[in-house]
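Chains as they are written, first to last, in the working numbering: chain A, 643 to 876; chain B, 281 to 362.
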């Protein structure tokens, strides 16, 4: 299969605001425009990758991602995941994945109570087999921007030990030349992204679709997305 | 009947809002204030006359949507139960 055969679906909720950026990023990399799927849809056409984009779905009411996580389309996304389908949740998408239990943990208010919007340095951790890390070298550093108010990854100590032991931690905030503290939000053990126990579902706070061009200030997002897409077609 | 759901953070979960409120109260001269925890109260009007059934349904609502049990505890109060 070639990259242009890859079927990507991007779920759109009221308040999603990175859906079009992600659509253009994927189109740029695969030459095929992803489908945008409205949250009221009850079914999903066959997809090789489902992306839950960033934004402020349902105005972050109740808890970030809580209402989106119970939208009609999420039953279809859960079915897709249960079949071993790949799912990527970025920022609010990560929050939605935690609310559905598709990835472990939860994202709470940033420790400093400030919305944090800047580049962060990420280290790719050694993980279990996953399309999202297959094309990258463990230990590699990437610079990708964050933009969130609730990105403080939390799970209890036993759960953190368990996911670390399983190789489910993908990204940690690590040293970089970025402005501000290395860990921008107080996340437990500097965790910026995690995988499901089968490695097919990724949740991450940084926005790879915002690091696509030199004009964005860097292209590590494009690199990360391309490697993931290539792993999904191979 | 009305059900009142109170949601609070589990012990050990960071509550930066509570900390900020505590600091602010201290700055205003309320030096006796120590820990502050911020929770949520949700009032539900429900078409149900049996308190036991109401409590059971509301507990399911809490488990499926109203609280995230990874970080939150909930309690249910039914004022008309007595």
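Idealized CB from N, CA, C, for every residue including glycine.
(message) Restricting to Cα atoms, I'd like to know which of 715(A), 673(A), 689(A), 685(A) is closest to residue 656(A).
(response) Per the C-alpha coordinates, the member of 715(A), 673(A), 689(A), 685(A) positioned closest to residue 656(A) is 715(A).
(message) I need the straight-line Cα distance from residue 841(A) to residue 810(A), nearest angstrom please.
(response) Rounded to the nearest whole angstrom, the CA to CA distance from residue 841(A) to residue 810(A) is 7 Å.
(message) Distance check for residue 338(B) and residue 346(B), CA to CA, integer angstroms please.
(response) Roughly 9 Å between the two C-alpha positions.
(message) If I measure Cβ to Cβ from residue 778(A) and keep anything under 6 Å in the same chain, skipping five residues before and after, which residues do I get?
(response) Once the five neighbours on either side are set aside, the close Cβ partners of residue 778(A) are 766, 869.
(message) Just to check my reading of the structure: residue 707(A) and residue 750(A) have Cβ atoms closer than 8 Å, yes? What is that Cβ distance to the nearest angstrom?
(response) Contact annotation, residue 707(A) with residue 750(A): C-beta distance approximately 12 Å; criterion of less than 8 Å not satisfied.
(message) Report the CB separation of residue 754(A) from residue 816(A) in whole angstroms; it is logged as a contact under 8 Å.
(response) Not a contact, Cβ separation roughly 19 Å.
(request) Output the distance between the C-alpha atoms of residue 683(A) and residue 863(A), rounded to the nearest integer angstrom. (result) Those two C-alpha atoms are separated by around 29 Å.
(request) Work out the CA separation of residue 814(A) and residue 831(A) for me, nearest whole Å. (result) Computed Cα separation, rounded: 8 Å.
(request) Over the uninterrupted alpha helix (DSSP H) stretch that includes residue 807(A), give me the two end residues. (result) Residues 799-808.
(request) Excluding the 5 residues preceding and the 5 following residue 355(B) in the sequence, name in chain order all residues of the same chain whose CB lies nearer than 7 Å to its CB. (result) The answer, listed in chain order, is 286.
(message) For residue 742(A), tell me which candidate among 350(B), 360(B), 357(B) has the shortest Cα-Cα distance.
(response) For the options 350(B), 360(B), 357(B), the alpha carbon positioned closest to that of residue 742(A) is the one of 350(B).
(request) Kindly examine the ligand ZN and report whether one of its heavy atoms sits closer than 7 Å to the Cβ of residue 340(B). (result) With respect to the ligand ZN, the structure offers nothing, as it holds no ligand at all.
(request) Kindly list, in the order they appear in chain B, the residues whose Cβ is closer than 9 Å to that of residue 751(A). (result) Result: 294, 295, 296, 297.
(message) Three Cβ pairs or more, each shorter than 8 Å: is that satisfied between the segment 720-736 of chain A and the segment 820-829 of chain A?
(response) The segment 720-736 of chain A makes no contact with the segment 820-829 of chain A, as fewer than three CB pairs between them are under 8 Å.
(message) Extract the residue ranges of the beta strand (DSSP E) inside the segment 659-701 of chain A, only unbroken runs of 3 or more that lie entirely within it.
(response) Runs of the beta strand (DSSP E) inside the segment 659-701 of chain A: 677-680, 691-694.
(request) Using DSSP bridges, identify the partner residues of residue 357(B). (result) The partner list for residue 357(B) (beta bridge, DSSP) reads 284(B).
(message) Pairs of beta-carbons, one from the segment 304-311 of chain B and one from the segment 666-678 of chain A, closer than 8 Å: are there three or more?
(response) Remark: fewer than three beta-carbon pairs, one from each stretch, lie closer than 8 Å, so the segment 304-311 of chain B and the segment 666-678 of chain A are not flagged as touching.
(request) Please decide whether residue 300(B) counts as near chain A, where near means a Cβ-Cβ distance under 8 Å. (result) At least one C-beta of chain A is nearer than 8 Å to the C-beta of residue 300(B).
(request) Can you tell me which of the three DSSP states residue 329(B) falls into? (result) Residue 329(B) falls in the coil class under three-state DSSP.
(message) Would residue 859(A) and residue 796(A) be called neighbours here (beta carbons separated by less than 8 Å)?
(response) In this structure, residue 796(A) does not lie closer than 8 Å to residue 859(A) by Cβ.
(message) Could you check whether the Cβ of residue 351(B) sits closer than 8 Å to any Cβ belonging to chain A?
(response) Chain A contact via Cβ: present.
(message) Give the list of continuous beta strand (DSSP E) stretches no shorter than 3 residues that lie fully inside the segment 815-847 of chain A.
(response) Complete beta strand (DSSP E) runs here, min 3: 833-837, 843-846.
(request) Using the Cα positions of residue 759(A) and residue 646(A), report the straight-line distance between them to the nearest angstrom. (result) Whole-angstrom Cα-Cα distance: 32 Å.
(request) Could you name the residues of the segment 318-348 of chain B whose beta carbon sits closer than 9 Å to any beta carbon of chain A, in the order they occur along the chain? (result) Residues are counted here when their Cβ sits less than 9 Å from a Cβ of chain A; for the segment 318-348 of chain B these are 320, 322, 344, 345, 346, 347, 348, given in chain order.
(message) Looking at chain B, is there any beta carbon in it that lies within less than 8 Å of the beta carbon of residue 698(A)?
(response) Chain B has no Cβ within less than 8 Å of the Cβ of residue 698(A).
(request) Answer yes or no: does any C-beta atom of chain B fall closer than 8 Å to that of residue 736(A)? (result) Judged by the 8 Å Cβ criterion, residue 736(A) is not in contact with chain B.
(request) Answer yes or no: do residue 679(A) and residue 843(A) have a C-beta to C-beta separation smaller than 8 Å? (result) Judged by their CB atoms, residue 679(A) and residue 843(A) are not nearer to each other than the 8 Å cut-off.
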